[in-house]
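Scroll down for the structure; my scribbles are underneath it.
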Amino acid sequence: MEKTTMSVSVKTAEKPNYESEIIQIIKENVSPKAMLYQLENYHGSDIADVMEQLNEQERRKLFRIYPADMLAEAFSHLEEERAGEYLNEIPLKKVTAILEELETDAAVEILRTIGKEKRKLIIDALEEDIKKRNSTDRFF
């Protein structure tokens, strides 16, 4: 009796290197609109993974172009200390918008990592935003 053996070759798909793609997009000299268009389909965790590989100037470019809700998604995947460091690179108005998008517990944990003076500025700005919203809500 003859025995037949079959050889099966299994190809494993290589995982795309999203980090290098994102870094390349950020480093390209394209318009903010084009950059946002190229980045908007990446997951927040991919953006978070890339942040520490960027220099401050490149992160500031990302922070300026990326909307607060998308940054909040990325910040939710960062360690609190790292997120607190990055908030120092972002204008106060956008910081408050990002924190408002985060889960309350996550926002509190990030705020705990920030210096007392900066934290007070952020909390005051958040309270001011809440007051403005509440005063306009009364008219609707």
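Sequential numbering of the sequence shown, starting at 714, is according to our numbering.
Ideal Cβ positions, reconstructed from N, Cα and C, are used throughout, including at glycine.
In this text, all values refer to a predicted model and were calculated from it rather than measured experimentally.
With DSSP as the reference, label S733 as helix, strand or coil. In this structure, S733 counts as helix in the three-state DSSP scheme.
Beta-carbon within less than 6 Å of G797's beta-carbon, same chain only, minus the 5 sequence neighbours each way: which residues are those? Non-local C-beta neighbours of G797 in its own chain, meaning closer than 6 Å and more than five positions away in sequence, comprise I823, T826 and I827, ordered along the chain.
Can you give me the C-alpha to C-alpha distance between L805 and E830, rounded to a whole angstrom? Their Cα atoms are separated by approximately 13 Å.
Sub-7 Å separation of R773 and E794 beta-carbons: No, the Cβ-Cβ distance between R773 and E794 is not below 7 Å.
CA nearest to the CA of N730, picked from V763, E840 and E753: Closest by C-alpha distance to N730, out of V763, E840 and E753, is V763.
Just verifying my parser: in three-state terms, what is the DSSP assignment at S758? The answer is helix: DSSP assigns S758 an H, G or I state.
Whole-angstrom distance between R846 and Q770, CA atom to CA atom: Cα to Cα, the separation comes out at about 33 Å.
C-beta atoms of T817 and L839 nearer than 7 Å: Taking 7 Å as the Cβ cut-off, T817 and L839 do not qualify as a contacting pair.
Range covered by the alpha helix (DSSP H) that runs through P780: Neither: P780 is in no alpha helix (DSSP H) and is coded neither H nor E.
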